[in-house]
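Student: Shown below is the structure under consideration.
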Amino acid sequence: MKVELLKRDIDKLSDIPFAPFARPGLTTVNSGFRTEKPVCDRTKCNSCNLCYLYCPDGAIVKDAKGIKFDLDFCKGCRICKKNCKKGAISFEVEK
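Below, the structure is given as structure tokens:
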């Protein structure tokens, strides 16, 4: 009896998704607390993609030339720099 009641109540909840999904607006851009931005020295980078794998914000994008940083979502945590075996990632003061 309780299961039937639960099923009936869930059917009334039309605004709650019943599966994982994404839509614009669920992630906010950088709130402005980052003071330095990441820079990749392409002469040192060997495209191992460790920075890409470790970035908790998904702010590193792979392209044909190597990697680039999505500064809208980078929080400046420096995890990419810490995991770069070649020392190709550095941070510089934002202007």
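Numbering follows numbering that gives the first Met the number 0, in which position 22 of the sequence shown is assigned residue number 21; successive positions increment by one, without gaps.
Glycine included, every Cβ here is placed at the ideal spot set by N, Cα and C.
1) Can you name, in chain order, every residue of its own chain whose Cβ lies under 7 Å from the Cβ of SER46, other than the five neighbours on each side?
2) Return helix, strand or coil for LYS61, following the three-state DSSP convention.
3) Flag this pair as yes or no: are the beta carbons of LYS85 and LYS43 separated by less than 7 Å?
4) Alpha carbon to alpha carbon, how far is LYS94 from ALA21? Give it in angstroms, no decimals.
5) Would you give the residue range spanned by the alpha helix (DSSP H) that LYS80 belongs to?
Tutor: Quick answer:
1) GLY65, listed in sequence order.
2) Strand, per DSSP.
3) It is a contact, given that the beta carbons lie within the stated cut-off.
4) In this prediction, ALA21 has a pLDDT of 49, which is less than 50 and means its spatial position is unreliable; nothing more can be read from the coordinates.
5) Secondary structure note for LYS80: its alpha helix (DSSP H) is the uninterrupted segment 78-82.
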